[in-house]
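Notes follow once the structure below has been shown.
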Amino acid sequence: MRPEPSELQELVRDLHRQGSAWLPAGLSTRLDWGPPVAGPCTVVSCAGLRGVREFNPGDFTITVAAGTPLVEVQEVLGHQGQWLSVDAPWGDRQGAAAGSIGGLVARGLAGGYRQRYLGVRDQLIGLALMRADGVTARAGGKVVKNVAGYDLMRLFTGSWGSLGLITELTLRTLPQPPLRRSVCFQGGAEDLAGLSRWLLGSSLSPERIDWWNGSLAAASGLDPEPLLLIGLASVDAATLQEQVRCLQERSTLPARVLDATTTGAWLAHARGATATAPAWLLRLGVSPDRLGTLMQAPALAGLAVDMAAGSGLGLAWSDPTELRPALTSSQVSTLRSLCNELGGHLTVLRQPPDAGLPAWLDAPSRPLIEAIKHRFDPAGQLAPGRLPGVAQRLSTV
Ligand SMILES: Cc1cc2nc3c(=O)[nH]c(=O)nc-3n(C[C@H](O)[C@H](O)[C@H](O)COP(=O)(O)OP(=O)(O)OC[C@H]3O[C@@H](n4cnc5c(N)ncnc54)[C@H](O)[C@@H]3O)c2cc1C
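Just so you know, we're using my numbering here: the sequence shown kicks off at 11 and counts up by one.
In structure tokens form, the structure reads like this:
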């Protein structure tokens, strides 16, 4: 259902009265990711909640309706030389790329820009939401220096629609960096791990340090060797050049210097693969100092892998052109155990229909997660069976 803003509350109240299960949605581009929602469920789309409500360029904040496409927000900000520091989504402008701001926050995932600008939750300074019973609430504020109170912004980031429907968001914006350049190193995992360790401990502050495995490099038309793509930005050309020089001097690997357009094309090419719906799409996370071990693991065979070196978070996916992917569930389970051993986790975002793996395992904080869910949605109406950090379907109380 795609209610107009004036119809939304009545619709949610009706669903509550009827005890119906329902799923908050943005533009429905990635609703199939993660665990299937249990039983019949009404999808309530935010596509009708669209537009910029308030933009204060002087304060570097913007308030938008949750269903507004990210590309639209970036366009508005771009007119004032500002941007929201998250990666562009994959796919073309009209399709998957038009993912909504609400969907982005509800998933809580961002790309390599996290290295310098932190995660989506760190850009969020306020939100408005609607609970499962139709009650509305606001949290945070509209200024960067925020008021006290419960931090619902962080709670709702990554909630996958399980706690309530986000209706409006206030986000922090940044000036667009005027100058950008990237340096790419290709070589063995040990060399790349050494370089990335040094870089993370250095005074340089790259925008991104993306680590691709050989399969992703090959799929992007490069030599089939692992690579580090280091994105740099500055207001000053000499400073930018100095950062490039530092990197070139540091490594014995040959360095390729790319301008912003070429970097954009590389990233778009790499992400294009995931836009064509691979059979397997996995979210990986390990402790950043163990990333080198992960990248050399035989369990990654058959997957294209794109990891952020600073956070140890990233994605792995099977070749989307393969009708029957060679990767088996037991290989993915082995990979999951490895991620756990390396201080992280694995979330299955997409899998072949007969694979049957749980999207996520129980988090140690499962009792707390369930208690919070119960406070927000006591009848268990929202996204039944889909609660991040809880492997089994929740029994409703
Ligand atoms: C590693 C990684 C990095 C990513 N980086 C980016 C990025 O930088 N930029 C980007 O745009 N996308 C990124 N994505 C995709 C992003 O996470 C979202 O999946 C996408 O933006 C959601 O688009 P949508 O509006 O179609 O949401 P939908 O597909 O409709 O919904 C996605 C999820 O959010 C919930 N949801 C949606 N809207 C609401 C709402 N208003 N209230 C409550 N819950 C809601 C749904 O229940 C569902 O669980 C990334 C994904 C991954 C895996």
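Glycine included, C-beta positions come from ideal geometry on N, C-alpha and C.
In the DSSP output, what is Arg266 paired with across the bridge? Looking at the DSSP assignment, Arg266 forms a beta bridge with Cys194.
Provide the residue span of the beta strand (DSSP E) that contains Trp222, from first to last. Run containing Trp222: Arg218 to Trp222, per the beta strand (DSSP E) assignment.
When the Cβ atoms of the stretch 191-205 are set against those of the stretch 252-267, are three or more pairs found closer than 8 Å? Counting Cβ pairs under 8 Å, three or more are found: they touch.
So, using beta-carbon positions, are Pro188 and Val245 closer together than 8 Å? Yes, these two residues count as a Cβ contact at 8 Å.
For Gln90 and Arg182, I'd like the C-alpha separation in whole angstroms. One C-alpha to the other measures close to 14 Å.
Which residue marks the beginning of the alpha helix (DSSP H) containing Pro15, and which one marks its end? From DSSP, the alpha helix (DSSP H) with Pro15 extends over Pro15 to Gln28.
Given 8 Å as the limit, is there contact between the stretch 164-182 and the stretch 134-154, that is, 3 or more CB pairs closer than that? Because the criterion of three Cβ pairs below 8 Å is met, the stretch 164-182 and the stretch 134-154 touch.
Can you determine whether any heavy atom of ligand 1 sits closer than 7 Å to the C-beta of Leu359, and answer yes or no? Yes, the Cβ of Leu359 comes within 7 Å of a heavy atom of ligand 1.
Report the rounded CA-to-CA distance for Glu217 versus Glu82, giving the unit in angstroms. Near 22 Å, if we compare the C-alpha coordinates of Glu82 and Glu217.
Could you say which of Ala309, Gly68 and Pro398 lies nearest to Pro377 if we only look at CA atoms? Comparing Cα-Cα distances from Pro377 to each of Ala309, Gly68 and Pro398, the minimum goes to Pro398.
For Glu178, count the other beta carbons within 10 Å of its own beta carbon; 16 or more makes it buried, fewer makes it exposed. Which is it? Glu178 comes out buried.
Is Val296 near ligand 1, in the sense that its beta carbon is under 7 Å from a heavy atom of that ligand? Checking the Cβ of Val296 against ligand 1 gives no.
Could you tell me if the beta carbon of Gly171 falls within a distance shorter than 7 Å of some heavy atom in ligand 1? The answer is yes for Gly171.
For Arg27, which option in Asp143, Asp372, Ser169 and Ser347 has the closest C-alpha, if you only look at C-alpha atoms? Ranking Asp143, Asp372, Ser169 and Ser347 by Cα distance to Arg27 puts Asp143 first.
Please state if the CB of Ala199 and the CB of Pro234 are separated by a distance shorter than 8 Å. No. Outside cutoff.
At what residues does the beta strand (DSSP E) containing Leu323 begin and finish? That run of the beta strand (DSSP E) goes Leu323 to Ser328.
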